[in-house]
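In what follows, a single structure is set out as structure tokens and then discussed.
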Amino acid sequence: MTTFPRAGSEGTLIYPVFLGMRGCPGRCVYCDQDKLAGSGDFDPEQAMEGVRKFVERHRGRAKQVAFYGGTFTAWEEHFREGLLRAVMAVCDVSTSFRISTHPLYVSDEILAHCKRWNIRTIELGVQDFNDVVLAASGRGYSGREALEAALRVKNQNFELGVQLMPGLPGWTEASLSENRKALEELRPHLLRLYPLIVIRGTALEKLYNSGAYLPLSLEEAVSQCADYHPVAESAGIRIIKEGIPSNIDPAEIAGGPWHPAFGELVKAELVARKVLAIDPQEQAVNISRDEIRLLKAHGGAALKKIQDWFETRS
Numbered sequence: 004m005t006t007f008p009r010a011g012s013e014g015t016l017i018y019p020v021f022l023g024m025r026g027c028p029g030r031c032v033y034c035d036q037d038k039l040a041g042s043g044d045f046d047p048e049q050a051m052e053g054v055r056k057f058v059e060r061h062r063g064r065a066k067q068v069a070f071y072g073g074t075f076t077a078w079e080e081h082f083r084e085g086l087l088r089a090v091m092a093v094c095d096v097s098t099s100f101r102i103s104t105h106p107l108y109v110s111d112e113i114l115a116h117c118k119r120w121n122i123r124t125i126e127l128g129v130q131d132f133n134d135v136v137l138a139a140s141g142r143g144y145s146g147r148e149a150l151e152a153a154l155r156v157k158n159q160n161f162e163l164g165v166q167l168m169p170g171l172p173g174w175t176e177a178s179l180s181e182n183r184k185a186l187e188e189l190r191p192h193l194l195r196l197y198p199l200i201v202i203r204g205t206a207l208e209k210l211y212n213s214g215a216y217l218p219l220s221l222e223e224a225v226s227q228c229a230d231y232h233p234v235a236e237s238a239g240i241r242i243i244k245e246g247i248p249s250n251i252d253p254a255e256i257a258g259g260p261w262h263p264a265f266g267e268l269v270k271a272e273l274v275a276r277k278v279l280a281i282d283p284q285e286q287a288v289n290i291s292r293d294e295i296r297l298l299k300a301h302g303g304a305a306l307k308k309i310q311d312w313f314e315t316r317s
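Per my numbering, the sequence shown starts with residue 4, numbered consecutively.
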């Protein structure tokens, strides 16, 4: 699998390694493990060679090797430690690790193990903080347990990332408000927003085909993600990803708010909101060239929203 370095927190370079869904404690209604993360195509030798080249190119610079997919801290200990030992052998002192895992697998003992292996960043797949939504999605824990797990990670001085999935079964405006309040209380360092899509072959697809589940429209998903931005800004949370991971095959999507440039749609929505919040009779509307480009991109939906609003005012 080809991977490319990315910019992380505070300029840290990120080298992602996709390991499939190894270690997951269950199967959520929306998940097809093989299709979501390519659980069958992890090549340890190829991964180690990629990491080695990444480290060689960026010696002395802050960087992380990020293990994505599955539940890292629920893996068999021999596999987990063997992988970390092999990767550490090709890393320099400027390299740390990032993992993603499940809220039920971050005990004090596990976190102590993470510190020993130079894991700096832990992203928790919380998905939602509302009990009804979590139960309907098959997550296996409560909102309180998710919050306590996240606080445990943060209080032990890890960089904490939280992943949320707008549009899960059972969501309401009240559950969205609960999520925003939880973020304000928790103040994680990082936030990912993955609006739920319907993957073929999942339990969610059956609900979708029967009419028991209605996914968010693209417009709704963009709006819900945009609503998190003021919360993130006020709480000092960095939003690092919006939209599903790019390694999903679009042919496997049965429904839901998928768009190849979802993050740009959210940015355009935020620009539109900024413009619409200004009274043009009282002050000038100043937007940058980049913001104008965003408004015009992808069919100009955000620009049309502004035009329609002004037409109703005239």
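Even glycine gets a Cβ: it sits at the ideal position worked out from N, Cα and C.
Counting along the chain, the unbroken beta strand (DSSP E) around Thr98 starts and ends at Thr98 to Thr104.
The residue among Gly146, Leu86 and Lys244 with its C-alpha nearest the C-alpha of Leu196 is Lys244. Pairing Thr76 with Thr98 gives a Cβ-Cβ distance that is not under 7 Å.
A straight line joining the alpha-carbon of Ser213 with that of Val156 spans about 40 Å. Comparing C-alpha distances from Tyr18 to each of Arg30, Phe45, Cys34 and Tyr71 shows the shortest one belongs to Tyr71. In the three-state reduction of the DSSP assignment, Gln284 falls in the coil class. Of the candidates Gly14, Lys56 and Leu268, Lys56 places its Cα closest to the Cα of Cys94. The segment 274 to 294 makes no contact with the segment 245 to 263; the number of CB pairs closer than 8 Å stays below 3. Here Val201 has Tyr33, Leu207, Glu208, Tyr211, Tyr216, Pro218, Ile256, Ala257, Gly258 and Gly259 as same chain residues with Cβ atoms under 8 Å from its own Cβ, once five neighbours each way along the sequence are excluded. Sequence-distant partners of Gln227 (beyond 5 residues in either direction) whose C-beta falls short of 6 Å from its own C-beta, in its chain, are Pro169. Taking 7 Å as the cut-off, the Cβ atoms of His192 and Glu162 count as close. In this structure, the alpha-carbon of Gln284 lies about 12 Å from that of Arg316.
As summarised for the segment 49 to 124, the continuous alpha helix (DSSP H) elements at least 4 residues long and confined to that stretch are 80 to 91 and 111 to 119, given in chain order.
Within its own chain, the residues whose Cβ lies closer than 8 Å to the Cβ of Leu154, once the five positions on either side in sequence are excluded, are Leu189, listed in chain order.
Taking C-alpha positions only, Ala271 is separated from Arg119 by approximately 43 Å. Ranking Ala65, Arg142, Asn133 and Ala275 by CA distance to the CA of Thr175 puts Asn133 first.
For Pro19, the three-state secondary structure derived from DSSP is strand. Rounded to whole angstroms, the gap between the alpha carbons of Gly14 and Pro253 is 31 Å.
Assigned with DSSP and collapsed to three states, Ala206 falls in helix.
Following the DSSP letters along the chain, one finds Gln227 inside the alpha helix (DSSP H) bounded by residues Leu221 to Ala238. Counting of Cβ neighbours within 10 angstroms places Asp131 among the buried residues, the total reaching 16 or more.
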